[in-house]
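Using the numbering used here, read the sequence shown as starting at 4 and increasing by one per residue.
Note that beta-carbon positions come from the ideal geometry of N, C-alpha and C, so glycine has one too.
All remarks here apply to the structure that follows.
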Amino acid sequence: MKWLYKIEEGFLAISIISATAVLFINIILRYFFQANTTWAEEFIRYAIIWMTFLGSSVCFGRGLHVGIDFFLEYVNEKWRNVIGIYVTLVSIVLMVFLIIYGMELVVFSMGTGQITPSMQIKMYWIYLAIPFGAAISIVHLVDNLIKHVKQAKTDEVKGNNL
């Protein structure tokens, strides 16, 4: 899974750097040369959309999503794993829905021929961030699920030895 993290982080780093550079150049052009680039804001908006969905998958992989762990402090390790498995399964189901409805949006956009106003990019490339990010999230979630199940089995074996 490390190779996937490297690819995701590389894409995110390039996206952040390029969006920042475009924003900086646009600010310089606007305030010092009274020139305005219409494509810059559009580029940044679409880069942020892609960064959001791909960044979400990185957060799933690293366990960085916001969670309410107040109750986890009061349960034993076995129940923490059970809750972890449940939350991971619910997250996988949610990602499956995002893939299904995201692909419907992509297919609809392909059928209508929508394009972005300034950059003239086909909108399905933007909408593709939804199912793509969800699919990568599922990869990370399945990896997390395997870890939770292995941990639960390890805890079960330890419990039987006591």
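Return the chain-ordered list of same chain residues with a C-beta closer than 8 Å to the C-beta of residue i, the five sequence neighbours on each side being excluded.
i	result
ASN164	Note that ASN164 has pLDDT 46, beneath the 50 cutoff, so the model's placement of it is unreliable and the number below is only indicative. If we look at ASN164 and ignore the five residues flanking it on each side, it has no Cβ neighbours.
GLY70	VAL90
ILE141	ILE95, MET98, VAL99, ILE102
LEU32	ALA38, ASN39, THR40
Identify, in the order they occur along the chain, each residue of the same chain with its Cβ nearer than 6 Å to the Cβ of residue i, setting aside the five sequence neighbours on each side.
i	result
ALA43	VAL25, ASN29
ASP146	MET4
PHE46	VAL25
GLN154	ASN84
TRP6	none
Could you spell out the range, first to last residue, of the alpha helix (DSSP H) harbouring residue i?
i	result
THR41	41 to 65
GLU11	5 to 36
GLY87	80 to 115
Leaving out the 5 sequence neighbours to the left and right, which residues in its chain are closer than 7 Å to residue i when beta-carbon positions are compared?
i	result
HIS143	SER60, PHE63, GLY64
LEU108	TYR130, ILE133
ILE86	LEU75
ILE52	ILE129, ALA132
SER18	ALA50, TRP53, MET54
SER112	MET126, TYR127, TYR130
Strictly by DSSP, which residues pair up with residue i?
i	result
LYS125	ILE118
Give a single yes or no on whether residue i has its beta carbon closer than 7 Å to a heavy atom of the ligand NAD.
i	result
ASN79	For the structure depicted, the ligand NAD is absent and the ligand set is empty, with no information on it obtainable.
For this session: Determine contact between the region 81 to 91 and the region 116 to 124, defined as no fewer than three beta-carbon pairs at a distance below 8 Å.
Result: The region 81 to 91 is not in contact with the region 116 to 124.
Could you say if the region 92 to 105 and the region 133 to 153 meet the contact criterion of at least three C-beta pairs nearer than 8 Å? The region 92 to 105 is in contact with the region 133 to 153.
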